[in-house]
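Engineer:
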Amino acid sequence: MEIRDYGNGITAEQQNKIFELFYRGGCELTRSTQGTGIGLALVYELVLAQQGTIEVQRMTPGLAMKMYFKCKQV
């Protein structure tokens, strides 16, 4: 599954941290959106719990997150 975001994107440094619990990129003093930094950490743990993998690609503009899951053959 791929989720694509067309926003401002993230830096290489932010990319290395986005799955850390409570991490929020940017400057807290100038931030206009609220959040806790839990969302992507939770997504990461849920994907791993399903024996999946997640990958982040910086794009112009924005970024893409790809999640891979094993499927049983029917």
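If you count the sequence shown from 1, position 28 lands on 28 in the working numbering, and the numbers rise without skipping.
Each residue gets a CB set at the ideal place from its N, CA and C atoms; glycine is no exception.
Kindly indicate the opening and closing residues of the alpha helix (DSSP H) around Leu42.
Structural biologist: Segment 39–49, the alpha helix (DSSP H) holding Leu42.
Engineer: Tell me Thr118's beta-bridge partners as DSSP assigns them.
Structural biologist: For the chain, the structure presents residues 1 to 74; residue 118 sits outside this window and is missing.
Engineer: Using DSSP with H/G/I as helix, E/B as strand and the rest coil, what is Glu13?
Structural biologist: Reduced to three states, the DSSP call for Glu13 is helix.
Engineer: Are there 16 or more other CB atoms within 10 angstroms of the CB of Arg4, so buried, or fewer, so exposed?
Structural biologist: Looking at its Cβ environment, which holds fewer than 16 other Cβ atoms inside 10 Å, Arg4 is exposed.
Engineer: Quick one: grab the DSSP three-state call for Ile18.
Structural biologist: Looking at Ile18 - three-state DSSP - the assignment turns out to be coil, as it is neither helix nor strand.
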